[in-house]
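**Q** The structure under discussion is supplied below as structure tokens; questions concerning it will follow.
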Ligand SMILES: Nc1ncnc2c1ncn2[C@@H]1O[C@H](COP(=O)(O)OP(=O)(O)O)[C@@H](O)[C@H]1O
Ligand SMILES: [Mg+2]
């Protein structure tokens, strides 16, 4: 039905129609029932909203095209891929235009002007504006020189160049006006936008997504049933055990001879008046555990964490020298639970009820987890230790502390990451997998026993199984 | 309600006591601009019905509500003849010839208008709420679909009744069954889910302004924590609001373990849910409250 109301919103950029059709086509290939009437409605709806507003644009399309919760989920996944780039370009263009107008003819981005706008948006708590300005700032600094490639660094660089900090500010040179101070929380929110936009930028530049992998199917394959394949998980893990065992021997072999345990030698010397008569050697087999497993049990990996827990269960079965930890906002050791309990269901229950994982928000704080892990365990890490992380690397916009993770990697012999999400989703949204992956000896998508076997194969020096 | 922009619609809804998120505001806006019905789906208690009510308040239109239930038929949804009154008329007619009587008793006067008819026949534009459509059967859905395409009803004895004004139509569904493709085609779609922390807090505070902010925040945090558990019936916004009122009555200052145990039955009702929540959430509350970070 044509609208009897007011004027149409301005037409979208050229090529939008074709793009929209392509988008619908791909949705269809994912199993979303997009018919002609949906497409016509979508065009009619787009006439009613300013296409330059990303939220309105997206919601108008979703309301006319995605007609179930499941449809909406697929819609979100594909939308980013199809429209982000053009929406971003539009926002940047618009931002520059507006700035230019305000500056009466100036055609370049003025840092002071930008700073003022950002401060204004921060103070008003205007999220949409902050996001647009974050893009603008990134575009502006991108033109000045290359980014460092590390998101966290770039965020701080941009923030400093904009002269933004929490607390009272020195007024800009040409204005004597008193500045309203911004607090840490407000600034954090802007930094979060910067981070998200930088990440998107990185994704745009570095990763090309496989065009037609059936997302829906990938998701359906996610394990949801607690004990499905517990046996298969155990099989894969015992394979891994054999491999890691030989690995340990190789390294010990290289380390010729035994080393003296100074502390124990000194203690023994007390009996002989302080003269070290009896040398004490370090035990041949290391006392300390060799494998450390850190397992994300937050809500974002709910469906996967059961699978993860069964991996943990199997690991404990195979390795005596194993310490396991679960985490959400904080880390908590659960080695005891596994050592004293055999029944998987009981274990899963005990971990969720008394794992001691202090979480009010249910949001994972990876950065904090590394800090805590390093604080508690780092002395015990040595080149023979293997660290395995099971998690989705979704930081919820919190500081990822990749530098701390790098330290863990440095001290441990080997560091592997098993991610319960299909690779396709990595680094999308708040996933910062790329930041961690570079410090890993291997990062694998892992949400089925097949993946687990594949991981074991690779660890064992074999060829990864074809997809 | 001014429907100039999405933001204006959102404001108007807020004025009417409904805090809409982006998608709810946009769909409300489009419904008016495009004259299309809206299908709102989502779990119970997330504000589906309230959205329609708020739209009626915000647009100053009368709300016409059809509450669906199993076995709802056209007589109860569209119209039916008032047999008692007709019978009286026939008896009163005495010797009149049948032709005359027949003409008389099938007059508007003897028609009982049900919600769908009311909405169509109304001289003023209304908001038509067809609540919990998933409780009806497919046959009813087909009838509805026809109505929503033509906005007219044919009464064999009287002829056609066509809408003279365009109603805003809101259909809600708790998702207890899949609706037909055809009906979905006709509609704009809105999925309402449990709100995020901030919006839920605003909603709770809107309904219980006396509740201190810190307590409201704690409340929604705990509710969110409970929703993350795998419950039969997770607490909805309605439960959050009820709980807020209860806490006010109890004069609670914080949600510690004791307060929680005393009032928990407000938010979780199933026996097994209660056990699970007590075990998982109650335990955590015993520990001193850690500041959010
Ligand atoms: N966005 C909102 N703003 C204000 N109140 C809301 C909002 N969403 C839900 N509520 C309140 O929550 C309660 C449940 O809403 P209701 O519409 O009955 O849920 P549903 O129809 O989805 O089952 C009502 O008291 C309603 O006022
Ligand atoms: Mg309802």
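Chains as they are written, first to last, in this note's numbering: chain A, 1 to 467; chain B, 1001 to 1293.
Ideal Cβ positions, reconstructed from N, Cα and C, are used throughout, including at glycine.
Indicate the three-state DSSP secondary structure (helix, strand or coil) for residue 1065/B in the structure shown.
**A** strand
**Q** Please determine, among 364/A, 70/A and 449/A, the residue with the shortest C-alpha to C-alpha distance to residue 310/A.
**A** When each option's Cα is compared against that of residue 310/A, the closest is 449/A.
**Q** Taking the DSSP output, what are the residues bridged to residue 332/A?
**A** 326/A
**Q** Return the chain-ordered list of same chain residues with a C-beta closer than 6 Å to the C-beta of residue 213/A, the five sequence neighbours on each side being excluded.
**A** Note that residue 213/A has pLDDT 32, beneath the 50 cutoff, so the model's placement of it is unreliable and no number is given.
**Q** Identify, in the order they occur along the chain, each residue of the same chain with its Cβ nearer than 6 Å to the Cβ of residue 39/A, setting aside the five sequence neighbours on each side.
**A** 24
**Q** Alpha carbon to alpha carbon, how far is residue 368/A from residue 1130/B? Give it in angstroms, no decimals.
**A** 49 Å
**Q** Considering just the uninterrupted stretch of the beta strand (DSSP E) at residue 1176/B, what are its terminal residues?
**A** That residue, residue 1176/B, is in no beta strand (DSSP E); it is neither H nor E in DSSP.
**Q** Check whether the region 1098-1107 of chain B and the region 1139-1153 of chain B are in contact - that is, three or more C-beta pairs closer than 8 Å.
**A** no
**Q** Please state whether DSSP places residue 1060/B in a helix, a strand or coil.
**A** DSSP places residue 1060/B outside both helix and strand once states are collapsed to three, so it counts as coil.
**Q** Restricting to Cα atoms, I'd like to know which of 408/A, 331/A and 293/A is closest to residue 316/A.
**A** Comparing Cα-Cα distances from residue 316/A to each of 408/A, 331/A and 293/A, the minimum goes to 293/A.
**Q** At what residues does the alpha helix (DSSP H) containing residue 1260/B begin and finish?
**A** 1257-1263
**Q** Scan the region 1177-1265 of chain B and note each continuous alpha helix (DSSP H) run of 4 residues or more that stays entirely inside, going in chain order.
**A** 1181-1186, 1197-1207, 1213-1228, 1237-1250 and 1257-1263
**Q** Can you name the residues that DSSP bridges to residue 444/A?
**A** Looking at the DSSP assignment, residue 444/A forms a beta bridge with 418/A.
**Q** Quick one: using the 10 Å Cβ neighbour count with 16 as the cut-off for buried, is residue 1241/B buried or exposed?
**A** buried
**Q** Applying a beta-carbon distance threshold of less than 7 Å, which residues of chain A neighbour residue 1006/B?
**A** 49 and 56
**Q** Grouping DSSP H, G and I as helix and E and B as strand, with all else coil, what is residue 211/A?
**A** Residue placement at residue 211/A is flagged as unreliable, the pLDDT there being 31, under the threshold of 50; a coordinate-derived value is accordingly withheld.
**Q** Quick one: which chain B residues come within Cβ less than 7 Å of residue 33/A?
**A** 1181
**Q** Reducing DSSP to helix, strand and coil, say where residue 1081/B ends up.
**A** strand
**Q** Going along the chain, which residues put their C-beta within less than 5 Å of some heavy atom in ligand 1?
**A** 1018/B, 1019/B, 1044/B, 1045/B, 1046/B, 1047/B, 1048/B, 1049/B, 1050/B, 1203/B, 1237/B and 1238/B
**Q** Residue 436/A by DSSP, collapsed to three states: which one?
**A** helix
**Q** At which residues does the alpha helix (DSSP H) containing residue 1018/B begin and terminate?
**A** In the DSSP assignment, residue 1018/B falls outside any alpha helix (DSSP H), carrying neither H nor E.
**Q** Please list the residues of the region 62-75 of chain A that have a C-beta atom closer than 9 Å to any C-beta atom in chain B, keeping them in chain order.
**A** 62, 63, 64, 65, 66, 67, 68, 69, 71 and 72
**Q** Closer than 8 Å, Cβ to Cβ, to anything on chain A: give me those residues from the region 1232-1251 of chain B, in chain order.
**A** none
**Q** If you reduce the DSSP assignment to three classes, tell me which class residue 296/A lands in.
**A** strand
**Q** Between residue 1024/B and residue 1063/B, which are expected to be in contact by the criterion C-beta below 8 Å, what is the C-beta distance as a whole number of angstroms?
**A** Contact between residue 1024/B and residue 1063/B is ruled out by a C-beta separation of about 17 Å, above the 8 Å threshold.
**Q** Whole beta strand (DSSP E) runs in the region 34-92 of chain A with 3 or more residues, listed along the chain?
**A** none
**Q** Are at least three pairs of beta-carbons, each pair with one atom in the region 1004-1014 of chain B and one in the region 434-445 of chain A, less than 8 Å apart?
**A** no
**Q** Could you check if residue 1075/B is buried or exposed, using at least 16 other CB atoms within 10 Å of its CB as the buried criterion?
**A** exposed
**Q** Please compile the residues from chain A whose C-beta is within a distance smaller than 7 Å of the C-beta of residue 1018/B.
**A** Neighbours of residue 1018/B in chain A, taken as residues at a C-beta separation under 7 Å, are lacking, since the least C-beta distance is about 17 Å.
**Q** If you draw a straight line from the C-alpha of residue 79/A to the C-alpha of residue 344/A, how long is it?
**A** 40 Å
**Q** Tell me the rounded alpha-carbon separation between residue 313/A and residue 1199/B.
**A** 39 Å
**Q** Just checking residue 1131/B against ligand 2 - is the residue's beta carbon closer than 7 Å to any of the ligand's heavy atoms?
**A** yes
**Q** Measuring CB to CB, does residue 139/A end up less than 8 Å from residue 193/A?
**A** no
**Q** Go ahead and pull the three-state DSSP assignment for residue 315/A.
**A** helix
**Q** Can you pull the chain B neighbours of residue 60/A, defined as C-beta to C-beta under 7 Å?
**A** 1026 and 1030
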